[in-house]
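Residue numbers (this note's numbering): 123 to 192.
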């Protein structure tokens, strides 16, 4: 636990050391492999313990981005 992996299924995209995101040194840009735009509602997720018609926890990331843009 807590170690990077290159083995499937823990690393389905086969990236080195299980890398799923990168951020620029100045913090202005982040690129994510998990594609959070595909699961911004709970009903889009494969599993959820919450209300399926509610926003998923990923939606907070988009709200934060919008607030950051002003």
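Even glycine gets a Cβ: it sits at the ideal position worked out from N, Cα and C.
Open item on the list: residue 158 and residue 140 - do their beta-carbons sit closer together than 8 Å?
Closed with: Here residue 140 refers to the residue found at position 18 when the chain shown is read from its first residue. Here residue 158 refers to the residue found at position 36 when the chain shown is read from its first residue. Contact: no.
Open item on the list: Just to confirm my understanding: we take residue 143, look at its own chain, exclude 5 residues before and 5 after, and list those with CB closer than 7 Å. What are they?
Closed with: Translated into the one-based positions of the chain shown, residue 143 becomes position 21. Excluding positions up to five away in sequence, the list reads 152, 153, 154, 155.
Task: Inter-residue spacing [alpha-carbon to alpha-carbon] between residue 192 and residue 149 - done: Counted from its first residue, the chain shown places residue 192 at position 70. Counted from its first residue, the chain shown places residue 149 at position 27. Here the alpha carbon of residue 192 sits roughly 17 Å from the alpha carbon of residue 149.
Task: residue 189 (DSSP reduced to helix, strand or coil) - done: Within the chain shown, the letter at position 67 stands for residue 189. It is helical.
Task: Range of the contiguous beta strand (DSSP E) that encloses residue 154 - done: Position 32 of the chain shown, counting from 1, holds the residue named residue 154. Here the beta strand (DSSP E) through residue 154 covers 152-154.
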